[in-house]
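As structure tokens, the structure follows; a few thoughts come after it.
2 protein chains.
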Amino acid sequence: MGGSAAIDLKKRGFADKIIGVDNNRLHAETALHIGVVDEIASMEEAIANCDLVVVAVPVDSAVKLIPKILDQVNGQAITDMCSTKEMICQLVKYHPKRKNYVAAHPMAGTEFSGPWAAKSGLFDGKAVMFCDAEESDIRALAVIRRMFEALNMRVTFMDASSHDRHAAFVSHISHISSFALALTVLDQERNEKHIFDMASGGFDSTVRLAKSSAEMWSPIFEQNAENVVVVLNTYIQKLSDFKEAIEDGDRDKIDGLIKKSNQIKKILK
Amino acid sequence: MGGSAAIDLKKRGFADKIIGVDNNRLHAETALHIGVVDEIASMEEAIANCDLVVVAVPVDSAVKLIPKILDQVNGQAITDMCSTKEMICQLVKYHPKRKNYVAAHPMAGTEFSGPWAAKSGLFDGKAVMFCDAEESDIRALAVIRRMFEALNMRVTFMDASSHDRHAAFVSHISHISSFALALTVLDQERNEKHIFDMASGGFDSTVRLAKSSAEMWSPIFEQNAENVVVVLNTYIQKLSDFKEAIEDGDRDKIDGLIKKSNQIKKILK
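Have a look at this one:
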């Protein structure tokens, strides 16, 4: 996500120079080599020489990094792209430079990671959630808002706790649903050719997210455990409803469940 | 699926004329109006005037229609596009014209239905399963094979019973997973704007299949109940494994589940 943002922020004239910081040397060198960033630097150098900081790392690293970066910034705004917000917001709540931080969650991404996954247009037309925005300085908020608008994102506002609850329902459960689907098929289907041949019957799109990394997603499930478990309980209940209806050969009940689920069409065209 | 096949079979020179039969008058007239078919006719007229018959209807209609069409054909080959094969194959097993029927399942489709959903290229590069092919006449098999090859499909062979078991694992479960996901979110998320805003965080791709119709899918789950229930049990177990790992805050176990599910990458690029 950091790479995709870098490409469009440069291309669209929001940024003059992108300084990349990555503790993985291969990622850093690749990002420089393929032109996603203009230079690579240590975190200290980068912070000393930048106008704003975007943290694009897994949430378990973000909770360690963001307070440290806040220690070092000298007036610059700092934002992130993490999928959970409550823990980060709590950790920096009493930081003397809390106002420099704008907690953000751009609702975009792919199942791939690293600089080679960076692509232009990733954020276009999607929403970014600003969380607990009243805790941020009005100037920090304005510059981060301009940045996300340069990425063609719609800005919405939410408190961090509600954000995490909604994210569990609408985003995090989709990933668990997909991981579990991959596990089910891998467990029971010994013949890889059959999987490959039959995947175009719907499996390919529902299982796409199962290619997502543990590095990114385990910390999300950990930080959002309470909400995610609530959603999982509901999800397992809905699957059990289907199972019961199918076992009973209850056509009306199966029809009813499918027709109710079809209502998602009204919301997502 | 019937409409998508019609477009490409005509465009690619396999068919000179497409005669459409549909008991829904609006569908039939639309198919004619937008050029998916060249004419519309009653089933009797169509069978009397065609070189081969493609049945593209939900599986509960197919089990009624296919024996009737077999009664009427005069040497022509007949095939279908249904997602379950065992019940149909059993129903026609002792039909005097069994050899005219080639049981086929092209692994393609979208969540949409009706003539307005027809599109060129739908089948390109995908697999079609021929089931119990030894029960079909060699000439019927040859013409149906040429037809699916004109749609750029790879032909594979399987017995009907294995087909249904594999389809439950690789295709049917994906739809239930998606329907249940839609139900979960619709149940718990009262704010439609949040669903819309956050859908790009993965929900949109996993829930796409939940737009599929009950008319098409309820009969599939009914006919393939035994296999589908086995898969649902495994799927619910995998979700429970995730839930337990998240409840316990067991990072190693969460990592392990995700990394195992990532192996799907080896099969699906």
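Line by line, the protein sequences are chains W and C.
Sequential numbering of the first sequence, starting at 122, is according to my numbering.
Sequential numbering of the second sequence, starting at 122, is according to my numbering.
Note that CB positions come from ideal geometry on N, CA and C, so glycine has one too.
- Message: Within a Cβ cutoff of 6 Å, which residues of the same chain sit near T151 (chain C), ignoring the five residues on either side of it in sequence?
- Response: Taking the second sequence and counting its residues from 1, the one referred to as residue 151 (chain C) is at position 30. If we look at T151 (chain C) and ignore the five residues flanking it on each side, its Cβ neighbours are P236.
- Can you tell me which of the three DSSP states T355 (chain W) falls into? Counting from 1 along the first sequence, the entry for residue 355 (chain W) is found at position 234. T355 (chain W) sits in a helix when the DSSP states are folded into three classes.
- Looking at V176 (chain C) and the ligand ADP, is the gap between the Cβ and the nearest heavy atom below 7 Å? No copy of the ligand ADP appears in this structure; indeed no ligand is present at all.
- Take K220 (chain W) as the anchor and find which of W:C171, W:G242, W:V264, W:K240 has the nearest alpha-carbon. Against the first sequence, residue 220 (chain W) aligns to sequence position 99. For K220 (chain W), the closest alpha carbon among the candidates W:C171, W:G242, W:V264, W:K240 is that of W:V264.
- Residue range of the beta strand (DSSP E) that I199 (chain C) falls in? Stepping through the second sequence from its first residue, residue 199 (chain C) is reached at position 78. 198-201 is the span of the beta strand (DSSP E), which, as asked, contains I199 (chain C).
- Between M122 (chain W) and the rest of its own chain, which residues show a CB-CB distance below 6 Å, the 5 nearest in sequence each way excluded? Position 1 of the first sequence, counted from the first residue, corresponds to residue 122 (chain W). A177, M202, G230, listed in sequence order.
- Item | Distance, A288 (chain C) Cα to G124 (chain W) Cα | Residue mapping note: residue 124 (chain W) aligns to position 3 of the first sequence, counting from 1. Residue mapping note: residue 288 (chain C) aligns to position 167 of the second sequence, counting from 1. Each residue's Cα considered, the two are about 39 Å apart.
- When the Cα atoms are used, what is the spatial distance from A239 (chain C) to I341 (chain C)? Here residue 239 (chain C) corresponds to residue number 118 of the second sequence, with the count starting at 1. Here residue 341 (chain C) corresponds to residue number 220 of the second sequence, with the count starting at 1. Going from the Cα of A239 (chain C) to the Cα of I341 (chain C) covers about 21 Å.
- Message: Can you confirm whether Q344 (chain W), when its beta carbon is compared against all beta carbons of chain C, has any partner nearer than 8 Å?
- Response: Against the first sequence, residue 344 (chain W) aligns to sequence position 223. For Q344 (chain W), the answer is no, since every Cβ of chain C falls outside 8 Å of its Cβ.
- Query: From M250 (chain C) to R266 (chain C), what does the alpha carbon distance come to, in whole angstroms?
  - Reply: For this step, residue 250 (chain C) is matched to residue 129 along the second sequence. For this step, residue 266 (chain C) is matched to residue 145 along the second sequence. In this structure, the straight-line span from the alpha carbon of M250 (chain C) to that of R266 (chain C) is close to 10 Å.
- Message: If we define contact as Cβ-Cβ less than 8 Å, is T205 (chain C) a contact residue for chain W?
- Response: Residue mapping note: residue 205 (chain C) aligns to position 84 of the second sequence, counting from 1. Judged by the 8 Å Cβ criterion, T205 (chain C) is not in contact with chain W.
- Query: Under a three-way DSSP split, which group does M250 (chain C) fall into?
  - Reply: Within the second sequence, numbered from 1, the residue matching residue 250 (chain C) stands at position 129. Strand at M250 (chain C).
- With 7 Å as the C-beta to C-beta threshold (strictly closer), list the residues of the segment 289-300 of chain C near chain B in chain order. Among the chains of the structure shown, chain B does not appear; the protein chains present are W and C.
- Contacts that E313 (chain W) makes with chain C (C-beta to C-beta distance below 7 Å): In the first sequence, residue 313 (chain W) corresponds to position 192, counting from 1. Simply I388.
- Message: With a threshold of 8 Å between beta carbons, is E270 (chain W) in contact with chain C?
- Response: Walking along the first sequence from the start, residue 270 (chain W) turns up at place 149. False, the Cβ-Cβ gap to chain C never drops below 8 Å.
- Task: Taking 8 Å as the cut-off, decide whether the C-beta atoms of L173 (chain W) and I161 (chain W) are in contact.
- Result: The residue labelled residue 173 (chain W) in the question sits at position 52 within the first sequence. The residue labelled residue 161 (chain W) in the question sits at position 40 within the first sequence. Contact: no.
- Taking three-plus beta-carbon pairs below 8 Å as touching, is the segment 330-339 of chain W in contact with the segment 344-362 of chain C? no
- Message: Check whether chain W comes within 8 Å of D325 (chain C), counting only Cβ atoms and requiring the distance to be less than that.
- Response: In the second sequence, the residue the question calls residue 325 (chain C) occupies position 204. Closer than 8 Å to some Cβ of chain W, the Cβ of D325 (chain C) qualifies, so yes.
- Message: Is it buried or exposed, I190 (chain W), if we count other Cβ atoms within 10 angstroms and call 16 or more buried?
- Response: Taking the first residue of the first sequence as 1, we reach residue 190 (chain W) at position 69. By the 10 Å Cβ count, I190 (chain W) comes out buried.
- Message: Taking its Cβ as the centre, do 16 or more other Cβ atoms sit within 10 Å of L147 (chain W), making it buried, or is it exposed?
- Response: Mapped onto the first sequence, residue 147 (chain W) falls at position 26. With fewer than 16 Cβ atoms within 10 Å of its Cβ, L147 (chain W) is classed as exposed.
- Interface residues of the segment 176-188 of chain W facing chain C [CB-CB below 7 Å]: none
- At which residues does the beta strand (DSSP E) containing R275 (chain C) begin and terminate? Taking the second sequence and counting its residues from 1, one reaches residue 275 (chain C) at position 154. Residues 275-279.
- Message: Looking at the strands, I want to know which residues DSSP matches up with I161 (chain C).
- Response: Locating residue 161 (chain C) in the second sequence gives position 40, counting from the first residue. Answer is C:G141.
- Task: Could you tell me which residues DSSP puts in a beta bridge with V392 (chain C)?
- Result: Any property of residue 392 (chain C) remains undetermined from this structure, which presents chain C solely from 122 to 390.
- Query: In terms of alpha-carbon separation, which member of W:H296, W:I388, W:H315, W:A271 lies closest to K132 (chain W)?
  - Reply: Working through the first sequence from its first residue, we reach residue 132 (chain W) at position 11. Checked all of W:H296, W:I388, W:H315, W:A271; the closest Cα to K132 (chain W) is W:A271.
- Task: Scan the segment 292-380 of chain W and note each continuous alpha helix (DSSP H) run of 4 residues or more that stays entirely inside, going in chain order.
- Result: 294-309, 313-319, 324-328, 335-344, 346-368
- Query: For a contact meaning CB atoms closer than 7 Å, what does W338 (chain C) contact in chain W?
  - Reply: Here residue 338 (chain C) refers to the residue found at position 217 when the second sequence is read from its first residue. Residues of chain W passing the Cβ test: I379.
- Task: Would you kindly check if the distance between the Cβ of S298 (chain W) and the Cβ of S298 (chain C) is under 8 Å?
- Result: If you number the second sequence from 1, residue 298 (chain C) lands on position 177. If you number the first sequence from 1, residue 298 (chain W) lands on position 177. Yes, these two residues count as a Cβ contact at 8 Å.
- Task: Give the DSSP-derived three-state secondary structure of P217 (chain W) in the structure shown.
- Result: Residue numbering aside, residue 217 (chain W) sits at position 96 when the first sequence is read from its first letter. Three-state result, P217 (chain W): coil.
- Query: Checking contacts by CB at 8 Å: is D318 (chain W) closer than that to chain C?
  - Reply: The residue you call residue 318 (chain W) lines up with position 197 of the first sequence. It does; some Cβ of chain C falls within 8 Å.
- Neighbourhood of M274 (chain C) by C-beta, 7 Å cutoff - its chain only, sequence neighbours within 5 removed: Within the second sequence, the letter at position 153 stands for residue 274 (chain C). Closer than 7 Å at the Cβ level, and outside the excluded window around M274 (chain C), lie P227, F244, K247, A248, V249.
- Query: Taking contact to mean at least 3 C-beta pairs separated by less than 8 Å, is the segment 180-195 of chain C in contact with the segment 206-213 of chain C?
  - Reply: yes
- Going by DSSP, name the residue or residues bridged to A167 (chain C). Here residue 167 (chain C) corresponds to residue number 46 of the second sequence, with the count starting at 1. Answer is none; A167 (chain C) lacks a bridge partner.
- Task: Measure the CB-CB distance between F269 (chain C) and A225 (chain C) and report whether it falls below 8 Å.
- Result: Taking the second sequence and counting its residues from 1, the one referred to as residue 269 (chain C) is at position 148. Taking the second sequence and counting its residues from 1, the one referred to as residue 225 (chain C) is at position 104. In contact: F269 (chain C) and A225 (chain C) (Cβ atoms closer than 8 Å).
- Answer yes or no: does any C-beta atom of chain W fall closer than 8 Å to that of V349 (chain C)? Within the second sequence, the letter at position 228 stands for residue 349 (chain C). Judged by the 8 Å Cβ criterion, V349 (chain C) is in contact with chain W.
- V306 (chain W) versus W:N383, W:G141, W:M319, residue with shortest Cα-Cα distance: In the first sequence, counting from the first residue as 1, residue 306 (chain W) sits at position 185. Ranking W:N383, W:G141, W:M319 by Cα distance to V306 (chain W) puts W:M319 first.
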